[in-house]
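Add 4 to the 1-based position in the sequence shown for the numbering used here, that's all there is to it. Built from N, CA and C at the ideal position, the CB exists for glycine as well. This one's a predicted model, so the numbers in the text were calculated from it and none came from an experiment. Worksheet: the structure to be examined is printed underneath.
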Amino acid sequence: MDKFVIRGGNPLVGTIRVSGAKNSALPCMAAAILTEDEITLENIPQVRDIETERRLLASMGAQVDLGTGSNQHRTTISCRTLSDPVAKYEIVKTMRASSLVLGPLVARAGMARVAMPGGCAIGGRPIDLHIKGLEKMGATIVQEHGYLEARASRLKGAHLAFDKITVTGTEDLLMAAVLADGETVMENCAREPEVSDLAALLIAMGAKIEGAGTSTIRVQGVTSLHGANYRIHPDRIEAGTFLIAGAITRGDLTVADCNTEHLRAVISKLEEAGVRIDVLAPDVVRVRPGERLLAADISTEEYPGFPTDMQAQYMALATQAEGVSLIKENIFENRFMHVQELVRMGANIKVDGRSATVRGPANLSAAAVMCSDLRASASLVLAALVADGESILDRVYHMDRGYERFEAKLQGVGAEIQRMGNVFAPKEKDAVAD
Ligand code: UD1
Numbered sequence: 005m006d007k008f009v010i011r012g013g014n015p016l017v018g019t020i021r022v023s024g025a026k027n028s029a030l031p032c033m034a035a036a037i038l039t040e041d042e043i044t045l046e047n048i049p050q051v052r053d054i055e056t057e058r059r060l061l062a063s064m065g066a067q068v069d070l071g072t073g074s075n076q077h078r079t080t081i082s083c084r085t086l087s088d089p090v091a092k093y094e095i096v097k098t099m100r101a102s103s104l105v106l107g108p109l110v111a112r113a114g115m116a117r118v119a120m121p122g123g124c125a126i127g128g129r130p131i132d133l134h135i136k137g138l139e140k141m142g143a144t145i146v147q148e149h150g151y152l153e154a155r156a157s158r159l160k161g162a163h164l165a166f167d168k169i170t171v172t173g174t175e176d177l178l179m180a181a182v183l184a185d186g187e188t189v190m191e192n193c194a195r196e197p198e199v200s201d202l203a204a205l206l207i208a209m210g211a212k213i214e215g216a217g218t219s220t221i222r223v224q225g226v227t228s229l230h231g232a233n234y235r236i237h238p239d240r241i242e243a244g245t246f247l248i249a250g251a252i253t254r255g256d257l258t259v260a261d262c263n264t265e266h267l268r269a270v271i272s273k274l275e276e277a278g279v280r281i282d283v284l285a286p287d288v289v290r291v292r293p294g295e296r297l298l299a300a301d302i303s304t305e306e307y308p309g310f311p312t313d314m315q316a317q318y319m320a321l322a323t324q325a326e327g328v329s330l331i332k333e334n335i336f337e338n339r340f341m342h343v344q345e346l347v348r349m350g351a352n353i354k355v356d357g358r359s360a361t362v363r364g365p366a367n368l369s370a371a372a373v374m375c376s377d378l379r380a381s382a383s384l385v386l387a388a389l390v391a392d393g394e395s396i397l398d399r400v401y402h403m404d405r406g407y408e409r410f411e412a413k414l415q416g417v418g419a420e421i422q423r424m425g426n427v428f429a430p431k432e433k434d435a436v437a438d
């Protein structure tokens, strides 16, 4: 299993570029199921979850061409024949977002068999809201042998009101609604930019959608969709992670190819903590140290609030800030697995239920630590970048699920970080997150 060896102490200086958003790319790849024509997606990040989704679609009979060389960020998908509309447990267990194929499969093929995702590292993550929505649209769903089987000769438009805001739930049902008979009105939808990204692709494929990016989405179902070429937006979580890398190392880092509009909550929190941020262009932001790094509280919320996917990275920064930061996790019930590893590096953090109190600044000392999920891994890398000495991070395959060439990008701006081990060894083993 690969490890990162990181020697802390270098301020990160230079320009770092953001890849396409993994969480947009995953639903957009699933959207290819909705048409017999070819879908070409640009700016696809080269991360492990994308390879998992390729395997998932290929196992159903789709042709998926992940580009190489100068086309390495282009993916072409053809779902002309879907011989086996099944999402097998072997794949679903390694990536929970596999449930995104449920809606499009029922809409296109009239049936889907999708393995239940099961437990995961950051708390029980049910898909009951996906199921409830499909049932309202007329699907019959049975659950047996660990699989959900959904059938509908043609889904019907419906009025769907989510009990709770869910990102992939909104995306899954949006994909179901575009081919349904009649109008679907979806209320209390996720407003995440990834939902808007998916909707933009679907519209390019001929779907009739209004209101994506707001809490009410209206869809007029059509009978078929056609091929499209679409460019995925930049990854706001990768960009936010780099902003914190610049801030925590007291460097001078320019984060390019990002969408600063999507980073508002993170930028304003960093400013509150005394970090100097200059938005140089709509897609470029520079981060530098202010006079002092000060404690500031966060409370994770759905977009446009502070993202849960940035909570762990922010906590690493909070260990270096003067004062007490209160960190409240409202989205997932068990998302503090990075805490015990940060504490092993010398951080002063107390967890009480869904809240963590961080007292800083702490002198972090290098240690051997274990990555437990995708964003927890990022948090540990950030802590190691300022720790005294050489840290060893184990199980970095979690990181590879969602960050493209993370160590190479950080090396390019002066970090001492090396990968050790066999990059091509089997990686998905235990915890699944994000
Ligand atoms: C997506 C993101 C993930 C991010 C999360 C919250 C992808 C691939 N992943 O995950 O990175 O951390 O949004 O921003 O886009 N819930 C239910 N029933 C459901 C569905 C969800 O109770 O049917 C609950 C979940 O347990 C959780 C909350 O709703 O407490 C939000 O989850 P959700 O928005 O669905 O997260 P994901 O879409 O899985």
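So, with DSSP's three-state summary, where would you put residue 368? Three-state result, residue 368: coil.
Taking Cβ positions, are residue 119 and residue 92 nearer each other than 8 Å? Their beta carbons are under 8 Å apart, which means residue 119 touches residue 92 by this criterion.
Would you say the beta carbon of residue 171 is closer than 7 Å to some non-hydrogen atom of the ligand UD1? Yes - the ligand UD1 has a heavy atom lying nearer than 7 Å to the Cβ of residue 171.
Return the first residue and the last residue of the alpha helix (DSSP H) that residue 77 is part of. Here residue 77 belongs to no alpha helix (DSSP H), and DSSP marks it neither H nor E.
Starting from residue 3, trace the beta strand (DSSP E) in both directions and tell me its first and last residue. In this structure the chain extends from 5 to 438, so residue 3 is not present and cannot be described.
Would the segment 213-222 and the segment 180-192 be scored as touching if the rule is three or more Cβ pairs under 8 Å? These segments touch.
Consult DSSP for residue 439 and reduce its assignment to one of helix, strand or coil. Because the chain in this structure spans residues 5 to 438, residue 439 falls outside the shown range and cannot be described.
Ranges of the alpha helix (DSSP H) found wholly within the segment 143-217, counting only runs of at least 4: Whole alpha helix (DSSP H) segments, 4+ residues: 171-181 and 197-208.
Do the CB positions of residue 130 and residue 113 come within less than 8 Å of each other? No, these two residues do not count as a Cβ contact at 8 Å.
First through last residue of the beta strand (DSSP E) which encompasses residue 33: No beta strand (DSSP E) holds residue 33; the alpha helix (DSSP H) holding it covers 26-35.
Do residue 331 and residue 360 come within 8 Å of each other at the CB atom, strictly closer than that value? In this structure, residue 331 lies closer than 8 Å to residue 360 by Cβ.
Do residue 341 and residue 303 have their beta-carbon atoms positioned less than 8 Å apart in this structure? Cβ atoms of residue 303 and residue 341: not closer than 8 Å.
In whole angstroms, give me the CA-to-CA distance for residue 257 and residue 59. Taking the straight line joining both Cα atoms gives about 36 Å.
Let me know the alpha helix (DSSP H) ranges lying completely inside the segment 219-288, each 4 residues or longer, listed in chain order. Counting only runs of 4 or more residues that sit fully inside the segment 219-288, the alpha helix (DSSP H) segments are 240-252 and 268-276, in chain order.
Per DSSP, which residues does residue 374 bridge with? Please list them. Beta-bridge pairing by DSSP links residue 374 to 398.
Helix, strand or coil for residue 106, going by three-state DSSP, please let me know. Correct three-state label for residue 106: helix.
Whole-number beta carbon distance between residue 261 and residue 22, since they are thought to touch under 8 Å: With a Cβ gap of about 5 Å, residue 22 and residue 261 count as contacting.
So which of 398, 168, 250 and 153 has the shortest CA-CA distance to residue 281? The option with the nearest alpha carbon to residue 281 is 250.
With a 10 Å radius around its C-beta and 16 neighbouring C-beta atoms as the bar for buried, classify residue 371 as buried or exposed. With 16 or more other CB atoms across the displayed protein chains lying within 10 angstroms of its CB, residue 371 is buried.
Strictly by DSSP, which residues pair up with residue 91? Partner(s): 118.
Looking at residue 350 and residue 14, is the spacing between their C-beta atoms short of 8 Å? Result no, Cβ atoms of residue 14 and residue 350 do not sit closer than 8 Å.
Given this structure, state the Cα-to-Cα distance separating residue 123 from residue 65, to the nearest angstrom. Confidence in residue 123 is poor, its pLDDT being 48 and thus under 50, which makes the residue's placement unreliable; the coordinate value appears in the next sentence. For residue 123 and residue 65, the distance between alpha carbons rounds to 28 Å.
From residue 106 to residue 292, what distance separates their C-alpha atoms? Cα to Cα, the separation comes out at about 44 Å.
Under 7 Å: does the beta carbon of residue 168 sit that close to some heavy atom of the ligand UD1? Indeed, a heavy atom of the ligand UD1 lies less than 7 Å from the Cβ.
Buried/exposed call for residue 24, threshold 16 Cβ in 10 Å: Residue 24 is buried by the Cβ-count criterion.
Between which two residues does the beta strand (DSSP E) harbouring residue 67 extend? Secondary structure note for residue 67: its beta strand (DSSP E) is the uninterrupted segment 67-70.
Are the beta-carbon atoms belonging to residue 237 and residue 286 less than 8 Å from one another? Not in contact: residue 237 and residue 286 (Cβ atoms no closer than 8 Å).
Is any heavy atom of the ligand MN found at a distance shorter than 7 Å from the C-beta of residue 338? In the structure on display, the ligand MN does not appear, and the ligands it does have are the ligand UD1.
Express the C-alpha separation of residue 393 and residue 200 in angstroms, rounding to a whole number. A direct Cα-to-Cα measurement between residue 200 and residue 393 gives close to 43 Å.
From 115, 121, 116 and 321, pick the residue whose C-alpha is nearest to that of residue 102; which is it? Out of 115, 121, 116 and 321, the CA that lies nearest to the CA of residue 102 is found in 121.
Among the candidates 411, 354 and 314, whose CA atom is the shortest distance from the CA of residue 380? Shortest Cα-Cα distance from residue 380 to any of 411, 354 and 314 involves 314.
Count the other CB atoms within 10 Å of the CB of residue 284; is the residue buried (16 or more) or exposed (fewer)? Under this definition residue 284 is an exposed residue.
Contacts around residue 366, its chain only, beta-carbon distance under 8 Å, and the 5 residues preceding and following it disregarded: Within the same chain, residue 366 has close Cβ partners 323, 324, 350, 351 and 352.
Using 8 Å as the cut-off, can you tell me whether the segment 34-52 makes contact with the segment 70-84, which would need three or more C-beta pairs spanning the two stretches below that distance? Yes, the segment 34-52 is in contact with the segment 70-84.
Using 10 angstroms around the beta-carbon of residue 10, count the other beta-carbons present and answer buried if the total reaches 16, otherwise exposed. Residue environment: residue 10 is assigned as buried (16 or more neighbouring CB atoms within 10 Å of its CB, all protein chains considered).
Which class does residue 335 belong to by DSSP, given the choice of helix, strand or coil? Look at residue 335 here: in three-state DSSP terms it is coil, with no helix or strand label.
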